[in-house]
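Here the structure comes first, spelled out in structure tokens, and everything after it is commentary.
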Amino acid sequence: MHFDENEPQDVREQRFAEERAVRRARRNSRPIDLGGAHIGLTVVISALALLAWSGELVALGVVGGIVLLWFLVAVIRVHVDGDRAGHGFQRAYVATFGWGDMI
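For what it's worth, our numbering labels the leading residue of the sequence shown as 194, then goes sequentially.
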């Protein structure tokens, strides 16, 4: 977004709204790659299972709660951004577990 200080506020807001709409349409038209997110979810589930198996129930609750909270924040963020249903859920899933691409 380019900021021009001489531009009237209402014109600037309209231009910003149009740019956001174009970015949203472009983002929604692209397919989402879920491969890395599946890897990240597998790692998290494995870590939670290891914590449960070793009897670390407090750590299990803390780690599980943090992951759940992060996912809920991501779902709320994509919902506020205008994504609904499956595409929004996939974006939240990738936002939460997409770090699995780096493994």
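From the three backbone atoms N, C-alpha and C, an ideal C-beta is built for every residue, glycine too.
Given the structure is predicted, the values throughout are model-derived calculations rather than measurements.
- In chain order, Gly291, Gly293, Asp294 place their CB closer than 6 Å to the CB of Gly229, counting only its own chain and leaving out the 5 sequence neighbours on each side.
- Remark: three or more beta-carbon pairs, one from each stretch, lie closer than 8 Å, so the stretch 246-265 and the stretch 276-290 are flagged as touching.
- If you draw a 10 Å sphere on the C-beta of Val271, you find 16 or more other C-beta atoms in it, and that means buried.
- For Ile269, the enclosing alpha helix (DSSP H) starts and ends at 250-273.
- Ranking Glu198, Asp274, Gly254 by CA distance to the CA of Arg213 puts Asp274 first.
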